[in-house]
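Engineer: This is the structure I want to talk about, given as structure tokens.
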Amino acid sequence: MRFDDSDIAAVYRAIFERRDMRHFTPAPVDPSVLARLLRAAHHAPSVGFMQPWRFIRVTDPALRTAIHALVDAERRATADALGERQDEFMRLKVEGVRECGELLVVALADGRERHVFGRRTLPEMDLASAACAIQNMWLAARAEGLGMGWVSLFDVEALRTLLRMPDGAKPIAVLCVGHVDAFYAKPMLEQERWAARMPIEACLFENGWSDPAAIDAAGSPSSPADVADAATETGTDSASASTASVGGSRERIA
1 MRFDDSDIAA
11 VYRAIFERRD
21 MRHFTPAPVD
31 PSVLARLLRA
41 AHHAPSVGFM
51 QPWRFIRVTD
61 PALRTAIHAL
71 VDAERRATAD
81 ALGERQDEFM
91 RLKVEGVREC
101 GELLVVALAD
111 GRERHVFGRR
121 TLPEMDLASA
131 ACAIQNMWLA
141 ARAEGLGMGW
151 VSLFDVEALR
161 TLLRMPDGAK
171 PIAVLCVGHV
181 DAFYAKPMLE
191 QERWAARMPI
201 EACLFENGWS
211 DPAAIDAAGS
221 PSSPADVADA
231 ATETGTDSAS
241 ASTASVGGSR
251 ERIA
């Protein structure tokens, strides 16, 4: 059954307004909200229904400090590898480990090799499945008004050892979750001119690589600002404009 128009608009709004946050306030996260986020993550799709994700909530201040040290060490190593962009990278804020209200580490479970369904030729689908869980949590956090940032700057073996993970388990993400003063208007790396979003035409093909797709995917709303502009032009409210624009996009793609 199709969702109501307002529900559809809310889903797309969460997608378009999600940001990889690095700046947090020290306000604590309500435990019931955190529980909802984790439940949303656990309801992600997974190949062969393997559910490879494991979450470690970090509440020990000393442990949080140790994780920050690992992240900072990798930040400096990454800067050294960037050559002419080293100084530019070092000016970026790439994590909020010490400031965020909740710190979570996501890992791939041990014993994953027994799951062959859907992974015989693509064993990395365990990672893809866990990424779906992280995205679920990200969108739920945005809907709850919380920021979230995915940090991947760490030595995998060092973090695995620090958190006493069993052999075969592998940390893939340090997630900073918490309240923010404001969400970035654009992705932070775009605001800082580190990178820009590619046009969808560069990523969308039809019947073969590099063959342009015969759909107007670029005409779909890509940000809340687009929705607001559409509302101004048509004289409708932003929620109605969002639904109308999204609906139009679905019709073009279908």
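For the sequence shown, the UniProt record's numbering gives the first residue as 1, with consecutive numbering after it.
Beta carbons are placed, not taken as given, at the ideal position from N, Cα and C, and that holds for glycine.
Treat the numbers as computed from the prediction; the structure is a model and nothing was measured.
1) Mark VAL116 as exposed unless 16 or more other C-beta atoms lie within 10 angstroms of its C-beta, in which case mark it buried.
2) How big is the Cα-Cα spacing for ALA40 and MET137?
3) Ignore the nearest five residues each way along the sequence and tell me which others in GLN191's own chain have a CB closer than 8 Å to its CB.
4) Can you list, in chain order, the residues of its chain with a C-beta nearer than 7 Å to that of MET125? Leave out the 5 residues immediately preceding and following it.
5) At the level of alpha carbons, what is the spacing between PRO52 and ARG164?
6) Report back the beta-carbon spacing between residue 255 and LEU159 to the nearest angstrom; my notes put them in contact at under 8 Å.
7) When you compare the CB positions of GLY178 and GLY147, do they come within less than 8 Å of one another, or not?
8) Under 6 Å Cβ to Cβ from MET1, same chain only, skipping five residues before and after it: list those, please.
9) Between the C-alpha atoms of SER210 and GLU74, what's the straight-line distance to the nearest angstrom?
10) Only counting the same chain, and skipping five residues up and downstream in sequence, which positions put a Cβ closer than 6 Å to that of HIS68?
11) Distance, Cα to Cα, TRP150 vs GLY111?
12) Kindly indicate the opening and closing residues of the alpha helix (DSSP H) around ALA40.
13) Only counting the same chain, and skipping five residues up and downstream in sequence, which positions put a Cβ closer than 8 Å to that of CYS132?
14) Considering only C-alpha positions, which residue in the set GLU201, LEU175, GLN86 is nearest to ALA107?
15) Assuming the contact rule is C-beta atoms closer than 8 Å, PHE89 and ALA77 should be a hit. Round their C-beta distance to whole Å, please.
16) Tell me the start and end of each unbroken alpha helix (DSSP H) in the segment 85-135 that is at least 4 residues and wholly inside, in chain order.
Structural biologist: If we stick to the structure as given:
1) exposed
2) 6 Å
3) TYR184, ALA185
4) Once the five neighbours on either side are set aside, the close Cβ partners of MET125 are VAL47, GLY118, ARG119.
5) 18 Å
6) What is shown of the chain runs 1 to 254, which leaves residue 255 out entirely.
7) yes
8) none
9) If you draw a straight line from the Cα of SER210 to the Cα of GLU74, it is about 36 Å long.
10) VAL97, ARG98
11) One C-alpha to the other measures close to 25 Å.
12) 31-42
13) ALA44, PRO45, SER46
14) LEU175
15) With a Cβ gap of about 11 Å, PHE89 and ALA77 do not count as contacting.
16) 86-90
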